[in-house]
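Participant:
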Amino acid sequence: MRIVRLFLACIVVSTSFAQGKPPENPEVIKAMKETAFLVGEWHGEGWMMIGGKRETSKVVEKIALKAGGSVLSLEGRGLDSDGNVIHDAFGILYYDPATKEYRMRSFLAGGASGEHKATAKNGVIVWTMQNQRTIRYTIKLDEKSRWHEIGEVDLGEGKWYQFFEMRLKKVK
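The sequence shown lines up with residues 1 to 172 when you count with my numbering.
Structure representation (structure tokens):
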């Protein structure tokens with residue numbers, strides 16, 4: 001009986017290895033090319049409204065396509081004027097072929113995380129999150145090929161309030 005189990009285990013393992021890597025999904029790879037303009041390392045400055053006060057920071061964003069080009073990883077860090085970390089985030093942006101939608105999965109220092117709707121088209125990435133109000137982040141390259149990102153909150157009746165902005169230059 002022991003030999004039979006060993007034989008079956010060997011068949012299962014060898015079959016798994018014989019299959020090789022799973023085939024790429026061309027739909028996913030094509031969709032993720034809409035995000036490739038962000039790949040690289042970016043440095044610059046940003047600001048955010050915190051407690052009614054505009055707080056500035058030095059920002060570094062490291063962006064890469066991973067898993068054969070099927071996922072965009074985003075790693076961001078912001079430092080205040082004293083060099084203290086005031087923003088530490090990681091996210092993945094991916095395309096779901098079942099729903100034909102982009103999704104952003106974000107993680108913040110301190111444990112907050114979320115799954116958000118996103119779009120990527122013609123060099124513009126937008127992702128939204130629902131809290132008490134809708135929050136929208138828009139990323140695109142400006143006329144100087146800098147990363148320009150703004151964050152806005154929906155005040156209702158078509159009015160948006162900007163609470164965040166970054167301008168970053170590609171260094172790698």
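Where a beta carbon is used, it is the ideal one built from N, C-alpha and C, also for glycine.
Report the residue from M104, D142 and E152 whose alpha carbon sits nearest the alpha carbon of K170.
Facilitator: D142
Participant: So for V28, helix, strand or coil by DSSP?
Facilitator: helix
Participant: How many Å lie between E34 and I63 at the Cα?
Facilitator: Taking the Cα positions, E34 is about 14 Å away from I63.
Participant: Could you have a look at A36 and say whether DSSP puts it in helix, strand or coil?
Facilitator: helix
Participant: Near I139, what residues of its chain come up, given a Cβ to Cβ distance below 6 Å and the 5 sequence neighbours on each side ignored?
Facilitator: Excluding five sequence positions before and after I139, the CB atoms of its chain that fall closer than 6 Å to its own CB belong to I125 and E149, given in chain order.
Participant: Would you mind sorting G78 into buried or exposed? The rule is 16 or more other CB atoms within 10 Å of its CB.
Facilitator: buried
Participant: Straight-line CA distance for K53 to W127?
Facilitator: 24 Å
Participant: Applying the criterion that 16 or more other CB atoms from any shown protein chain within 10 Å of the CB defines a buried residue, is E157 buried or exposed?
Facilitator: exposed
Participant: Is the beta carbon of L168 less than 8 Å from the beta carbon of G91?
Facilitator: It is not a contact, given that the beta carbons lie outside the stated cut-off.
Participant: Under a three-way DSSP split, which group does K100 fall into?
Facilitator: coil
Participant: Three-state secondary structure (DSSP) at G91?
Facilitator: Of the three classes helix, strand and coil, the one that applies to G91 here is strand, per DSSP.
Participant: Identify, in the order they occur along the chain, each residue of the same chain with its Cβ nearer than 8 Å to the Cβ of T134, setting aside the five sequence neighbours on each side.
Facilitator: T128, V153 and D154
Participant: Starting from the C-beta of A118, find all residues in its chain whose C-beta is less than 8 Å away, skip the five residues before and the five after it, and write them out in chain order.
Facilitator: Excluding positions up to five away in sequence, the list reads L93, E101, Y102, R103, M104, I125, V126, W127 and T128.
Participant: What is the DSSP secondary structure of R167, reduced to helix, strand or coil?
Facilitator: strand
Participant: Going by C-alpha to C-alpha distance, which of G110, W42, V71 and D80 sits closest to T56?
Facilitator: With distances taken between Cα atoms, T56 lies closest to D80.
Participant: Where DSSP assigns a beta bridge to K140, which residues make up the other side?
Facilitator: Its beta-bridge partners are V124 and H148.
Participant: Take Y95 and list the residues in its own chain whose beta-carbon comes closer than 7 Å to its own, dropping the five residues that flank it on each side.
Facilitator: Contacts found: V28, A31, M32 and Y102.
Participant: Using 10 angstroms around the beta-carbon of Y137, count the other beta-carbons present and answer buried if the total reaches 16, otherwise exposed.
Facilitator: buried
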